[in-house]
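Numbering (the working numbering), first residue to last: 15 to 341. Every residue gets a Cβ at the ideal spot worked out from N, C-alpha and C, and that includes glycine. Here the structure is a predicted model, which is why all the values come from computation and not from measurement. Presented below is the structure to which this report refers.
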Ligand SMILES: Nc1nc2c(ncn2[C@@H]2O[C@H](COP(=O)(O)OP(=O)(O)OP(=O)(O)O)[C@@H](O)[C@H]2O)c(=O)[nH]1
Ligand SMILES: [Mg+2]
C-alpha cells in the first residue's frame, strides 16, 4: 500500500470536515479535533488554510493551585461579553490526577448547556510526543471555527506543560499562597513564561508575602526575557473575586500584543510556528525511524554488522539515505 495515496484522500475529507467546522457545525469540529489528535499531518494543511482572530490564553501552574476553578470562573466572565469561548483541557499524563479530572467535569457541567461554549480534552495517553504536536493544531482549528477566546488549561509544572503554553498569546500562571516560595516558581521556569501572574486562593494566609515576593522575582526574571509588562492579580476563584481584574489584565495584554500593528503578536506566533515545526519534525522523524526498524533492510544491516561486514554507524547512515524518501 502506498502511504501517499491514503494521505491524499484523507486530506480531501478533512477539508470538508474543516469547512463545516468553520461554518459553525460543532459535531464537525469535534470530528476534526479527533483527526488532529490521531493524524496531525493529515489535518494540518486544511487547518492551516484558515485563520481567525482569537486570543489564545494558556493557563498553567502547580497542581491544586486552582487552575480548573479559575478556568471555569473565567469562562463565566468571558461569556458575559457574549462572545464564543473554547476550552482545551490538556489531560494529565499522570494516572494519579484522575480524580481531579472528574472534579473538573462536575465543575464544568454548568457550561455544557451553553451553545457559546465548546469544551474538549486532549489526552496524553497512547501517544509518544504526539500529544504536544497535536495541541497547536487543535488551537488553530478552534480559532478558525470562530471562537473569540481559546483557553488552554494544563496540569503540572513539567517541561511538557511549559511547552504547551508556549502556543498561547497570553500565558496565565496560577499560583497559591504558600506554594513553596517564589524561588521555586522561578526554578520551575514558570515566572519567565508568565504574562499574567495570578495569586489564587487570596482568602488564604500568606497572600501579601507571596505577592510581594513574586513581584520582586518577576521583575528580575522578566527584565531580561521580554519587554511586555506583567500584571499580578489576586483572585479567589471559588468566589469570582478578582475575576474582573483578571479580565482587565487579559485585555490589557491583548492590547500590548496588538500595539505597533501587532508586532509582538507576530513575534509570538512566529516563535510558536518554529516550535510547532520542531514538534512535527520530532514526530515524523520518530515515525520514519520506526518504519526503518521494521524493514527488511534493517534486518539485513543487523546481519552485516554482526558479521563485521560493516559497522553500526555506516549501517545507520545507509538506512537513512536509502530508506528515508519512501517511508
Ligand atoms: N480557599 C480557596 N480554595 C480554592 C480556590 N480556588 C480553588 N480552590 C479549591 O482548591 C482545590 C483545587 O482546585 P482546582 O481548581 O481543582 O485546582 P487545579 O490547579 O486545577 O488542580 P489540578 O488540576 O489537580 O492541578 C479545589 O478544592 C478548589 O475548590 C480559592 O480561591 N480559595
Ligand atoms: Mg485542574
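Secondary structure of residue 49 (DSSP, three-state): helix. According to the DSSP assignment, residue 292 belongs to the alpha helix (DSSP H) that extends over 257-307.
A Cβ-Cβ contact shorter than 8 Å links residue 215 with residue 190.
A residue is called buried once 16 or more other Cβ atoms fall within 10 Å of its Cβ, and residue 314, having fewer, is exposed. Looking at the backbone, the Cα of residue 132 and that of residue 92 are separated by about 13 Å. At a cut-off of 7 Å, the beta-carbon of residue 201 does not count as near ligand 2: no heavy atom of the ligand is closer than that.
Taking residue 329 as the centre and dropping the five residues before and after it, the same chain places the C-beta of 315, 318 and 319 closer than 7 Å to its C-beta, in chain order. Annotation for residue 82 indicates a beta carbon within 7 Å of some heavy atom of ligand 2. When secondary structure is reduced to three states using DSSP, residue 132 falls in the strand class. Not one heavy atom of ligand 1 sits closer than 7 Å to the Cβ of residue 103. Of the residues assessed, residue 68 falls on the buried side of the cut-off, its CB having 16 or more other CB atoms within 10 angstroms. Residue state for residue 80 is assigned as coil, using DSSP reduced to three classes. The alpha-carbon separation between residue 97 and residue 255 amounts to approximately 22 Å. Per the C-alpha coordinates, the member of 154, 26 and 218 positioned closest to residue 43 is 154. For residue 56, the enclosing alpha helix (DSSP H) covers residues 54-62. Inside the segment 155-197, DSSP marks whole beta strand (DSSP E) runs of 3 or more residues at positions 163-167 and 184-189, from first to last along the chain. Under the 10 Å beta carbon count, residue 335 is surrounded by fewer than 16 other beta carbons and is classified as exposed.
Residue 71 has 165 and 184 as its beta-bridge partners, per DSSP.
In the DSSP assignment, residue 246 is bridged to 211. Residue 100 sits in a strand when the DSSP states are folded into three classes. Under the three-state reduction of DSSP output, residue 66 falls in the coil class, being neither helix nor strand. Between the alpha carbons of residue 178 and residue 203 lies a gap of roughly 13 Å. Annotation: the continuous alpha helix (DSSP H) that includes residue 314 extends over 310-320. In chain order, 91 place their CB closer than 7 Å to the CB of residue 261, counting only its own chain and leaving out the 5 sequence neighbours on each side.
Here DSSP, grouped into helix, strand and coil, assigns residue 226 to helix.
Its Cα nearest to that of residue 209, the residue 180 stands out among 180, 222 and 192.
Three or more beta-carbon pairs separated by less than 8 Å are not found between the segment 219-233 and the segment 268-282, which leaves the two stretches without contact. Taking each of 134, 53 and 25 in turn and checking the Cα distance to residue 63, the smallest one comes out for 25. Annotation for residue 215 indicates a beta carbon within 7 Å of some heavy atom of ligand 1. Here residue 26 carries a helix assignment [DSSP, helix/strand/coil]. Taken atom to atom, the span from the alpha-carbon of residue 127 to that of residue 156 is near 19 Å.
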